[in-house]
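Report on one structure; see the data block that follows.
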Amino acid sequence: MKRVEGLSKLTGRELYVDDLPVDGFLWGATVRSPAARGRIRGIRFDDSVDWSEFTVVDHRDIPGTNAIFLIEEDQPVLAHGRVRHLHEPVLLLAHPRREELRRAVEAVHVDVDAEPPVLDFRLTPDRERIQYGDDNVLKRLRIEKGEVERALAQAPHVIEGVYETGAQEHVYLETQGMLAWEEDGVITIAGSMQCPYYIVEAFEHALGRTPDRIRIIQAATGGGFGGKEEFPSGIALHAALLALKAGRPVKLIYDRSEDLAVTTKRHPSRVRHRTGVDGDGKLLGQDIEVVLDGGAYVTLSPVVLSRSIIHAAGPYACDHVRIDGRAMFTNSPPFGAFRGFGAPQSLFACERHMDRIAAELGIDPVEIRKINLIRDGDSTATGQVIADGADRVQVLDRALDLADYYERRTAHAGFNAAEPTRRRGIGLATFFHGAGFTGSGELFLDSEVHVAGLPDGRIEVRTANVEMGQGTLTVFTSLVCDRLGVPAEAVTIAPADTSLVPNSGPTVASRTVMVVGGLLEKASDDLRTRTGLPADADGRAIREAIREWHRSHPGEPLIGKAKYEQPEHIHWDDETYRGDAYGAYAWGAYVADVEVDLRTFAVSVRDFVAVQEVGRVLHETLARGQIQGGVVQALGWALLEECKWRDGAMENAQLTNYVIPTAGDVPPIRVEFLESPYPHGARGAKGIGELPFDGVAPAVANAVAGATGTDPASVPLTPETVMDLILRQRPPAGSLT
Amino acid sequence: MTVFLPRDLDEALELRDRHPGATAVAGGTDLCVLWPERVAARRDEWLDLSGVAELRGHEWTDGALILGAGTTYWDVIRDRRAGEELPLLVEAARQVGAVQIQTRGTWGGNIVNASPAADGVPVLMAYDAVLELRSRSETVELPLADFYLGYKEMRLAPDQLLTRIHVPRRTYDLQWFEKVGSRSAQAITKVGVAVTRRDGEWRVVANSVAPTVRRCRSLESLLAEGLPVSGPADLMGALESDVTPIDDIRSTAEYRLEVLARLLYWRLRDVCPSIT
Ligand SMILES: Cc1cc2nc3c(=O)[nH]c(=O)nc-3n(C[C@H](O)[C@H](O)[C@H](O)COP(=O)(O)OP(=O)(O)OC[C@H]3O[C@@H](n4cnc5c(N)ncnc54)[C@H](O)[C@@H]3O)c2cc1C
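Going down the list, the sequences are from chains A and B.
Start counting the first sequence at 2; every next residue gets the next number (the working numbering).
Start counting the second sequence at 6; every next residue gets the next number (the working numbering).
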């Protein structure tokens, strides 16, 4: 099937928020905290500016609660009294001309009495730095299975490791932006977002309005990757507050520097492993501690931590596991949702650690994984019994085969012996990713979708799930076409506009196809039933029946509906963190072949193999695109992308100095899918959006370890880091000069 | 905002003389970075050189390749003779940004922008390029190697424009340029080096390791004298007196120095009997 919105994107006709035509609008801008932590002593406005031309908004203009509604209500919409991170929004300005606005922002001075900030999440804070609870822990979670201490005490070998990963910026092509206006008493937003109904809820609380006076419309969105999950609620509120006060539409669009400096990033992590194994590498006990940097407010850190610890033990069977997780308060802009949602961090540690164990025991990294990979009937760390018919060893074998793993390993040994300044290595990772919300999260979301039959016989799909480049519109269209036997021209997708579509939940967590797609199938069935036709009716009959129904019910809507019902096999206990954490897992095995230049210490990836079991592939091109895109984004995290911090915020906030991969940095990425359908996913599909992110960094780091004979414990492996590893970890007399 | 649009060099020099505060614009690729901030800072007199035909294009004379200050990287990349006779110009040009920048960015802009990371400058310096600087009253010539005084400071008077760059046509028995950026394209140089050798005379020019692009004269004499070198560490002493790298958001001083020594050692080992 052709990409639904492909032509309008290709021809530039698609309208992103900055392109939307509006008359008489004002530009909005944000005045931010100049300090990482402190009390606001006062706000001064320079005389050089004629302030009567400006709309000025501060916390006193917030009609409801001054909090961005999410898990906790600790994050203010606009700071009041104190600031907790650099760049925290304090004041809003609007003006018809952007240049004036830029100068005006410079002419507002937020005076702050600075207090000692927490800038390193790994350190235990002293008393004067405690700002959340009595220990700065935003969230603590534990998974326990069996008796880990006893298992470790009895294990023939106990191997330890500490691993760290850095922050990462999403670098969606389109920066954050919102347009707000009030129309007939309804505050309306059009903008770049993943979760329109999150913004509705945020507005209910902060603006003190009922949902019928709130309308949120997703404009064409140029990439999200999680960066447009929770963050847009704040900027939408800012635009709305300005528009309400000015009585005119307001456009608030971040430029790239502002976007990089102030928006959420992937949570930095430190993960400690203490692992008991026998001589063959069989896992006997896994003691794992996961610590995440949450930043200055709770935001989504509790659920990121949850996913992180659930994935921390890897796709392996082990009877004794303890995983302790903590998300720490720091005076940084909050870290947030990002493709993988905590899993890439803990899987990096897990998979790097597997190679370390293999190296210490002198066994093959392939074998240690094969011994331990979950077989049907085994259980995960939360005690979830896996019996999905997927063959995880086969996934690994297929990847090794495609990569010519053993041949290359031999070839590299010869190459490395002969070459003075180049070293090659091949590395692998096996991993998994749970799709959909964790545990009972999907039940709590209570998603609903509509498939409407229109009077002219067309069918309209109504969900709040958004297209942001990943192909939602195309896959939804194809699912409904298939289910009802109608051609693509007969199906339209309603805009993600909360005045038109029901709340089908956020477009996150690899849930859109698997969960919402599944609901669309049910709603399509419901539509057919409402027209009075049996399940085997063909598309032509259905379209005729829809027209007929409208002739006999003039003016009434014909809507097929479906609501989420938890599959019966899922049992989760949120108190003990035991049970079925996810309805389904996708499984992967990735192999990276790298070359390290011993003159420049640069790592280049020569070849990449990505094999995964994903239930069912619904659209081959889009699925490949997800995998390849995920691999490239994760290569950036593994090798290039480094946030340099100053006072807790990103200092290198330009794409000149925050370096993401170019086309020239991307190796051939060979993608292969294995399929064993998941009965509760749309046409058997499991989630694939996040999976590819998980396996890349460890495969690359393991390859670098092999190439250089070092033991990397962190990403990104920038040339500077690799230099450190080579100069300081290797015996100085080595042949690496 | 005022933009002056001179039609020829005389007019450009006259405007330069009358409006010393106006910023010259060639390709604009350096100036357009942070453009909104520049506009907000009310930097609002601009002298657009793009209409000045005398500054564009390049020509070959018996003794030199003469680049107009407004010659683009692309002009040089497309000239086969440049690739044959002065290949480092082409190699450096191909590694500037990516094609979009190569077709707009100019050699003159690269020189006067005076970034320590400029990629066009090391190769020109290694070829002993000479600058032609003009004002209404006079034309002077100055070796590129003597042009820079410090970070973003250079011997260019407010009434002068850089008009041409003379690159002597000579044969070299060694010429080599290497750029180390943070990725394979669109990368600012973290450390780079251009080297030429002709009748035993060396030029070693490094970028991103000092406040200006820097000729490494100690290293040049070490090489000319044929002092024995048996590893990158043996180059360190000379390099440390030639360059002063720093830690910044792009890299570290240690990395820059270590890599510079390694690049030089491994490349020169093949061509210098004294380096083993
Ligand atoms: C995306 C991107 C990538 C880049 N990558 C690289 C790279 O890899 N390597 C690199 O070296 N550079 C790079 N640059 C920087 C820039 O493109 C080059 O330095 C280019 O050569 C500048 O030329 P220009 O004609 O565009 O200069 P302009 O921006 O027009 O001018 C630069 C400066 O020179 C002055 N100037 C220009 N012409 C004259 C003249 N005739 N007389 C007096 N003063 C003059 C201007 O006033 C200004 O101060 C990059 C820039 C961008 C935006």
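Positions of the beta carbon are idealized from the N, C-alpha and C atoms, including for glycine.
query, result
"Three-state secondary structure assigned by DSSP to A/V633", "helix"
"Neighbourhood of A/R1 by C-beta, 6 Å cutoff - its chain only, sequence neighbours within 5 removed", "Nothing about residue 1 of chain A can be reported from this structure: the residues present for chain A run from 2 to 738 only."
"Residue range of the alpha helix (DSSP H) that includes A/L362", "A344 to L362"
"Length of the line joining the Cα atoms of B/A58 and B/R43", "27 Å"
"Residues within the stretch 88–102 of chain B neighbouring chain A, beta-carbon criterion of under 9 Å", "none"
"Helix, strand or coil at A/G472 according to DSSP, with G and I counted as helix", "coil"
"C-alpha distance - B/T28 paired with B/L161, whole-angstrom precision", "13 Å"
"Where A/Q627 falls, given that 16 or more other Cβ within 10 Å makes a residue buried", "buried"
"Beta-bridge partners of A/N466, as assigned by DSSP", "A/N466 is not bridged to any residue."
"Whole-number beta carbon distance between A/A698 and A/F349, since they are thought to touch under 8 Å", "5 Å"
"Within-8 Å CB hit, B/E263 to chain A", "yes"
"Nearest-angstrom Cα separation, counted from A/V394 out to A/K371", "6 Å"
"Partner residues on chain B for A/G665, Cβ-Cβ distance less than 9 Å", "A103, R188, S189, A190 and Q191"
"heavy atom of ligand 1 below 7 Å from B/A45 C-beta", "no"
"Alpha-carbon spacing of A/S736 relative to B/L52, whole angstroms", "Annotation note: pLDDT 43 at A/S736 (below 50); position unreliable, coordinate value reported separately. Going by the C-alpha atoms only, they are around 56 Å apart."
"Under 7 Å from the C-beta of B/V185: neighbouring residues of chain A", "T601"
"Residue ranges of each alpha helix (DSSP H) within the stretch 418–503 of chain A, 4 or longer", "442–446 and 473–485"
"Whole-Å CB distance - A/A1 paired with A/D648, under 8 Å assumed", "Because chain A is modelled from 2 through 738, residue 1 of chain A falls outside the range shown and cannot be assessed."
"Cβ-heavy atom distance, A/V5 to ligand 3, below 7 Å", "As for ligand 3, it is missing from this structure, which binds only ligand 1."
"Closer than 7 Å at the beta carbon, the chain A residues around B/W112", "Neighbours of B/W112 on chain A: none; closest Cβ ~21 Å, over 7 Å."
"Buried or exposed by the 16-neighbour rule on C-beta atoms within 10 Å, applied to A/L520", "buried"
"CB contact below 8 Å: A/K252 versus chain B", "no"
"Span separating the alpha-carbon of A/T738 from that of B/P237", "Residue placement at A/T738 cannot be trusted, given a pLDDT of 40 that sits under 50; the coordinates are not used to answer."
"The stretch 213–229 of chain A / the stretch 188–197 of chain A touching (three or more Cβ pairs under 8 Å)", "yes"
"B/D204 burial status per 10 Å Cβ neighbour count (16 or more: buried)", "exposed"
"Contact test: A/R287 Cβ vs ligand 1 heavy atom, cutoff 7 Å", "One detail in the question is off: residue 287 of chain A reads as Gln in this sequence, not Arg. No, ligand 1 has no heavy atom inside 7 Å of this Cβ."
"Assigned exposure category for A/K564 - 16 Cβ within 10 Å defines buried", "exposed"
"Cβ-based contacts, 8 Å cut-off: residues of the stretch 170–193 of chain A near chain B", "none"
"Distance, A/G343 Cα to A/G1 Cα", "The question about residue 1 of chain A has no answer, for chain A in this structure spans 2 to 738."
"Closest by C-alpha distance to A/D185, when choosing among A/G167, A/E549, A/H86 and A/R216", "A/R216"
"Distance cut-off 7 Å: A/Q655 Cβ against heavy atoms of ligand 1", "no"
"Proximity of A/L641 and A/P668 at Cβ, strictly below 8 Å", "no"
"Pick from B/T7, B/D253, B/Y270 and B/V196 that is closest to B/L232, judged by C-alpha positions", "B/Y270"
"Range of the contiguous alpha helix (DSSP H) that encloses A/Q395", "R393 to L403"
"8 Å Cβ cutoff, A/P662 in contact with chain B", "yes"
"Nonlocal neighbours in the same chain, by C-beta distance under 7 Å from A/E145, ignoring five residues either side", "R323"
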